[in-house]
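In order, the protein sequence lines correspond to chains A and B. Residues in the first sequence are numbered from 5 upward in steps of one, following the numbering used here. Residues in the second sequence are numbered from 1415 upward in steps of one, following the numbering used here. Following: one structure in structure tokens, then a few remarks.
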Amino acid sequence: MKTKYTMLVPALALMAGLTSCVTTPEAKLDDKTASVLDGMSDKLAGAKTLSVNVKRTASPDFFAGTNIAESTSGTVLVQRPDKLAARMQSGNAPRSMALNGNTLTLVDHAAQTHAVVDAPGDIDTAVRSIYETFGFMPPVAELLVNDPKALMLEGVRQATYVGTQSIGGVECDRLAFQQDGLSWQLWVATSDSLPRRIVQTYPTVEGGKPLNISADFSNWKLNPALKESDFVVKIPSGSQAIEMIPIMN
Amino acid sequence: MKTTLSIALTSIMIIGEMLPAIGVATVAVAVLAPVSVEAAPIDRAMGRQGARDSRQTGRQVSQARRRGYYGLPGGAVPYAYRGINYYRVGGRYMYPYFYGGRTVYIDIDVVGGYPVPPPAAGSINIDIY
């Protein structure tokens, strides 16, 4: 089976205008949804340092050429305002990456490749810059930037408070959001206002099964003691320096 | 069977992957600087020989649609030619890049049985197979 992965990003971004910033008006939130999001965002943003374990599962065919579900797990560290490191240590695609206020270092341990690109500024600025140029973000960065609510609500057209649901034995508020070509849900613990799960779903264009990816969060640590070395990704001996293909082609 | 997977503008990565976006509205990159075409791949990757912008933006004058693969075909082995580290299987040569946070391998043009230098990242329009 051949799977073709077509990126519409470049064309659409160009249509948006080369020098303009187009932002979808923020969705009107009901009081409960706003309260849950505010509580989560304030809690995350208020922590000077963060540590969280992440387990991600992608449905078959989510990534072109991979017709089996893919699962990986790891740890993400944050030191505000400008440092983020992620080490996805299991699964079939072990990778490490780090933002340090100046650069993004990305290491693919399985392929023995790495890249270092400029990514100056705080986490929010660097994440946007990387996304705009290369089309990806560090792990769960949308939750870990300095202003999570603002970033998460960009492009959201509709938000709904679904109710409460237990995730791993923890009672959570469940929120649902709609964007163009994407729906996503977020589960936030009622006890500590920390996210426990996020699921993204989007339809395929040829009527196939919707594709989804989920991330479960555990072992949240707020304001843990972190070292500078925690935000340094060591490039393995023999790793090949390669370029990143931008999405703006 | 051929499946086409199209991602809308707000493509993003949640856990180190290119994904549909949560947040991040439609923001276009303003101006992408041109790139040195003469720079060797390793220099472009390392930001040397005036190739700094290629690793930042990859903007290039001419572009070519190329096939990319998340993995190497069976039997592919490292192959160094004129200081560049390719992978070779039969008469086919491949070269790695990052795309969407993952390593992909691009087929490299072959002239006279040998691979030509890998194209600058900014010149690549990629289809993943």
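Note that the Cβ used here is the ideal one computed from N, Cα and C, for glycine as well.
Is there a Cβ of chain A sitting closer than 9 Å to that of Ile-1538/B, yes or no? yes
Run down chain A in chain order and give the residues with a C-beta less than 7 Å from the C-beta of Gly-1514/B. Gly-139, Phe-140
Simplified DSSP state of Ile-246/A, which is helix, strand or coil: coil
Under 8 Å Cβ to Cβ from Phe-235/A, same chain only, skipping five residues before and after it: list those, please. Leu-81, Gln-83, Lys-87, Leu-88, Ala-89, Ala-102, Leu-103, Asn-104
List, in chain order, every chain A residue whose beta-carbon is nearer than 9 Å to that of Pro-1487/B. Those do not exist, as Pro-1487/B stays about 12 Å from chain A at its closest Cβ, beyond 9 Å.
Applying a beta-carbon distance threshold of less than 8 Å, which residues of chain A neighbour Gly-1511/B? With the sequence shown as reference, residue 1511/B is identified as Tyr, and Gly is not the correct amino acid for it. Residues of chain A passing the Cβ test: Ile-246, Glu-247, Met-248, Ile-249.
Out of curiosity, what's the CA-to-CA distance linking Lys-213/A and Tyr-165/A? 25 Å
Spatial neighbours of Ile-72/A in its chain, beta-carbon cut-off 7 Å, leaving aside the 5 residues before and after: Pro-64
Would you give the residue range spanned by the beta strand (DSSP E) that Lys-59/A belongs to? 53 to 62
Lys-92/A bridges to which residues according to DSSP? Residue 92/A is actually Met in this sequence, not Lys. Bridge partners of Met-92/A: Gly-78/A, Arg-99/A.
Quick check: is the beta carbon of Asp-112/A nearer than 9 Å to any beta carbon in chain B? yes
Would Thr-109/A pass as a contact of Gln-244/A if the rule is Cβ separation under 9 Å? no
What are the start and end residues of the alpha helix (DSSP H) that includes Lys-36/A? 35 to 50
Against Thr-117/A, what residues of chain B qualify as contacts under a CB-to-CB distance less than 8 Å, listed in chain order? Pro-1510, Phe-1512, Thr-1517
Chain-ordered neighbours of Pro-1455/B on chain A, where CB pairs are closer than 8 Å: Ile-246, Glu-247
When every heavy atom of the ligand COA is checked, does at least one fall within less than 8 Å of the C-beta of Val-174/A? Inclusion of the ligand COA in the displayed structure is not the case, the ligand content being empty and no account of it being possible.
Within the stretch 165 to 243 of chain A, ranges of the beta strand (DSSP E) (whole runs, at least 3 residues): 174 to 183, 186 to 193, 199 to 206, 215 to 226
Distance between Ala-154/A and Asp-220/A (C-alpha atoms, nearest Å): 21 Å
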